[in-house]
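A.B. asks: Before I ask anything, here is the structure I am working with.
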Amino acid sequence: MRSVLKGGSAARGMALGRARLEQPGRILVDDRPLAAEEIEPEVERLLAAIGLARDELRTLRDKLHGTLASDVGDFLEAHGLILADRDLVAGLVDLVRLGRYRASAALKLQRDKLVAVFEAMEDAYLRSRKEDIDHVLGRVQAALVRESSVEERKLASRVGEILVSDVVAPAELVPLAENGMLGAVLTNGSTLSHSAILARSLRLPMVVGVDEALGSIADGDLILVDGEHGEVVVHPNAQDIARYRHWQREQVQIGKRLARLREAQTLTRDGVPIRLYANAERPADVARARLSGAAGIGLYRTEFLFLQRREIPGEEEQFLAYRDLVLGMGGLPVTIRTLDLGADKADASGVALEEEPNPALGVRGVRLALRHPQLMITQLRAIVRASSYGPVRILVPMITLVEEIHSVRRMLDQCVRDLRSTGQDIAGQVELGAMIEVPAAAIALGGLIRYVDFISIGTNDLVQYVLAADRANDHLGTLYDPLHPAVIKLLAQILAIARRARRPVSLCGEMAADTRYTALLLALGLEDFSMHPGALLEVRDRIAQLDHAALLRHAPALLRASSGARIAGVLDRMQA
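Just so you know, we're using the UniProt record's numbering here: the sequence shown kicks off at 1 and counts up by one.
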């Protein structure tokens, strides 16, 4: 019998297929004790599975690009660090050698022990990290039982299927999508989680928060995932399927229209020029940015140069990477963000940092740079040297105080003087900008902005800091709302201050790439957007449909609205 299940739209699109029910993290156990002669072969089998799981994570990390690599890559790196933990591996080996447990049983025992430790923690954030243990040990278990032919059959069986599960790790989505999975339905999850961000980039329809999914959907049921409206139709009827076919035909036409926009200028319907830049992290992102007609690179994340290694990259290595980036953009402007590592990722980078209970609010971004000035000086020198090959700007993350800008400015000026004194060919001036993602910097921007050449709004962190809500926390999905009046008022204030100070301002968070917010951002006065390259054509198409002058007239109504729901209502009327 047909039924409709409601949830949240995490990734737009529609998919029709057979349900595949799955419980992530489940470890199948062979509890037979090992004979003496089986112990060492079982240890070798366990270590090989850990190595294979680690290699898979590294391969997945290399496949990710841009925003995806930054956001989802954090999870992959965290999981890689867990697999590299000597105590974890030694504990598993001891269970096999001393306890005569088979590898699968050792994984189950270790998992239960670690989860119990995490569940006993008082800090809610740390308690939530028990899911990392599930995902990592589940991946080792999958590697443990894998034979290439079995795995190929398993992945091939995903063709035409839709995952129905409690949760799905970002690392699991990539191979599933590559092997034909059509969409995902989750009982848990947030529309702003890392898995949701990844699903959007993969164009994989996803509906989350469907509480009754596992109880209402049977394995093999035909289901229609409607990521446009946040619902799942179980046993769809002829009318549902006709609606899906109509949507498919529309997507073909939209694809043709977007292809024609690759070389087009970004203009509103009334002819106002808007600049669309690309976020990037790896060389492949640069090629995608050029292909999509980006006006330049609005945010180049440098963390990938530092991660998954034991030594800090030197000036020459960094210079060559930045030079290739600048040359790859063929004279278009490039904004390079300085290192934004925290204690959660530093262990994978060779940067020595103490563990912190909350790395998101700890020593990261400019705070790390000022504690390790040589790290910053090396990076600044490399960027300044690359500036001789094309227009380059430097963006500093996590700015909170004017004094931080002054300190970085002094470092930059000294680097320029030193390089010029040795005869280095560098640009006449390399602009210095601040990432506005800390509420204190946004509120006090009037006093800070005179000391920078430009600013960039990082909405991903700004929104969660303003609302005190982790965007990856499934239980806080309703709190993390970019349309909250406090967020909208703060964005309007930032844009107004930048306009009065005649400083360029761009926005580079997920909001820039989401066409649901395009009209809102234009109404608030934003003219420079920066997003992952895959979103550029859709946003350009959306901008072409909007009348800029009409949108500006709605700004007062947006700022008067007292709730996110009322702001959404104003947006609906603006675009009617």
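Heads up, the beta-carbon is just placed ideally off N, CA and C, and yes, glycines get one too.
These numbers come from a predicted model, not from an experiment.
Sort out for me which residues DSSP pairs Arg540 with in a bridge.
C.D. replies: DSSP, once it has assigned bridges, lists no residue as partnering Arg540.
A.B. asks: Buried or exposed: where does Ile254 fall if 16 or more other Cβ atoms within 10 Å of its Cβ makes it buried?
C.D. replies: Burial call: exposed.
A.B. asks: Could you pull the start and end residues of the alpha helix (DSSP H) that Leu522 belongs to?
C.D. replies: Thr518 to Ala523 is the span of the alpha helix (DSSP H), which, as asked, contains Leu522.
A.B. asks: Once you ignore the five residues that flank Leu552 on each side, which residues in its own chain have a CB closer than 7 Å to its CB?
C.D. replies: Only Ala523 meet the Cβ criterion.
A.B. asks: In this structure, how does DSSP classify Ala321 when only helix, strand and coil are distinguished?
C.D. replies: In the structure shown, Ala321 sits in a helix (DSSP, three-state: H, G or I).
A.B. asks: Do Leu182 and Ile162 come within 8 Å of each other at the CB atom, strictly closer than that value?
C.D. replies: Yes, Cβ-Cβ distance for Ile162 and Leu182 is below 8 Å.
A.B. asks: Helix, strand or coil for Ser349? Go by DSSP, reduced to three states.
C.D. replies: Note on Ser349: pLDDT 46, under 50, position unreliable in the model; the coordinate value appears next. Residue state, collapsed to three classes: coil.
A.B. asks: Look up Gly362 in the DSSP assignment and say whether it is helix, strand or coil.
C.D. replies: Looking at Gly362 - three-state DSSP - the assignment turns out to be coil, as it is neither helix nor strand.
A.B. asks: Taking the Cβ atom as the reference point for each residue, do Leu21 and Asp219 lie within a distance shorter than 8 Å?
C.D. replies: Going by C-beta atoms, Leu21 is nearer than 8 Å to Asp219.
A.B. asks: Determine the burial state of Lys256: buried for a count of at least 16 other Cβ atoms within 10 Å of its Cβ, exposed for fewer.
C.D. replies: Exposed, by the Cβ-count rule.
A.B. asks: For Ala264 and His406, I'd like the C-alpha separation in whole angstroms.
C.D. replies: So the two alpha carbons sit approximately 40 Å from each other.
A.B. asks: Once the 5 residues before and after Val43 are set aside, which same chain residues still bring their CB inside 7 Å of it?
C.D. replies: If we look at Val43 and ignore the five residues flanking it on each side, its Cβ neighbours are Val93, Val96 and Arg97.
A.B. asks: Select from His554, Tyr465, Val487 and Thr459 the residue whose C-alpha is nearest the C-alpha of residue 578.
C.D. replies: Because the chain spans 1 through 576 in this model, residue 578 falls outside it and cannot be assessed.
A.B. asks: Tell me the DSSP secondary structure of Val167 in three-state form.
C.D. replies: It is coil, neither helix nor strand.
A.B. asks: Give the secondary structure of Glu56 by DSSP, where H, G and I count as helix, E and B as strand, and everything else as coil.
C.D. replies: If DSSP states are grouped into helix, strand and coil, Glu56 belongs with the helices.
A.B. asks: So the candidates are Ala213, Ser201 and Val174; which of them puts its Cα closest to the Cα of Gly189?
C.D. replies: Minimum Cα distance to Gly189 is reached at Ala213.
A.B. asks: Are the Cβ atoms of Ala535 and Ala513 separated by less than 8 Å?
C.D. replies: Yes, the pair counts as a contact, with Cβ atoms nearer than the cut-off.
A.B. asks: According to DSSP, simplified to helix, strand and coil, what is Arg279?
C.D. replies: Note on residue identity: the sequence assigns Asn, not Arg, to residue 279. In the structure shown, Asn279 sits in a strand (DSSP, three-state: E or B).
A.B. asks: Taking Ala143 and Leu52 to be in contact with their CB atoms under 8 Å, please state how far apart those CB atoms are, rounded to whole angstroms.
C.D. replies: Ala143 to Leu52, Cβ: 4 Å. Contact.
A.B. asks: Please report the residue range of the beta strand (DSSP E) in which Ala84 lies.
C.D. replies: Run containing Ala84: none; DSSP gives neither H nor E here.
A.B. asks: Go ahead and pull the three-state DSSP assignment for Ala259.
C.D. replies: Of the three classes helix, strand and coil, the one that applies to Ala259 here is helix, per DSSP.
A.B. asks: Just to confirm my understanding: we take Ser562, look at its own chain, exclude 5 residues before and 5 after, and list those with CB closer than 8 Å. What are they?
C.D. replies: These residues qualify, in order along the chain: Pro485.
A.B. asks: Just grab the DSSP bridge partners of Phe529 for me.
C.D. replies: According to DSSP, which records beta bridges pairwise, Phe529 is partnered with Leu276 and Leu507.
A.B. asks: Could you tell me the distance, in whole angstroms, from the CA atom of Glu403 to the CA atom of Leu368?
C.D. replies: When rounded, the distance between both Cα atoms is 14 Å.
A.B. asks: Here's the rule I'm using: 16 or more other beta-carbon atoms within 10 Å means buried, otherwise exposed. How should Glu437 be labelled?
C.D. replies: Per the 10 Å Cβ criterion, buried.
A.B. asks: Please classify Asn279 as buried or exposed, where buried requires at least 16 other C-beta atoms within 10 Å of its C-beta.
C.D. replies: So Asn279 ends up on the buried side.
A.B. asks: Going by DSSP in three states, residue 664 sits in which element: helix, strand or coil?
C.D. replies: Any answer about residue 664 is impossible in this case: the structure gives the chain only from 1 up to 576.
A.B. asks: Short of 6 Å in beta carbon distance, which residues of its chain neighbour His135, apart from the five on each side in sequence? Order them along the chain.
C.D. replies: Same-chain partners within the cutoff: Ala169.
A.B. asks: Are the beta-carbon atoms belonging to Asp240 and Leu224 less than 8 Å from one another?
C.D. replies: Cβ distance < 8 Å, so Asp240 and Leu224 count as in contact.
A.B. asks: Tell me whether Met376 sits in a helix, a strand or coil according to DSSP, three-state version.
C.D. replies: Helix, per DSSP.
A.B. asks: In terms of DSSP beta bridges, what is Asp226 paired with?
C.D. replies: The partner list for Asp226 (beta bridge, DSSP) reads Met14 and Glu231.
A.B. asks: Within its chain, find whatever has a CB closer than 7 Å to the CB of Gly91; leave out the 5 residues flanking it on each side and keep chain order.
C.D. replies: Here the set comprises Gln110.
A.B. asks: Which one or two residues does DSSP pair with Ser3 in a beta bridge?
C.D. replies: DSSP, once it has assigned bridges, lists Val234 as partnering Ser3.
A.B. asks: Taking the beta carbon of Gln429 as the centre, do at least 16 other beta carbons fall within 10 Å, making it buried, or is it exposed?
C.D. replies: When all chains shown are included, Gln429 counts as exposed.
A.B. asks: Return yes when the Cβ of Asp340 is within less than 8 Å of the Cβ of Met398, no when it is not.
C.D. replies: In this structure, Asp340 lies closer than 8 Å to Met398 by Cβ.
A.B. asks: Determine which residues share a DSSP beta bridge with Met206 and list them.
C.D. replies: Answer is Ala11 and Ala184, bridged to Met206.
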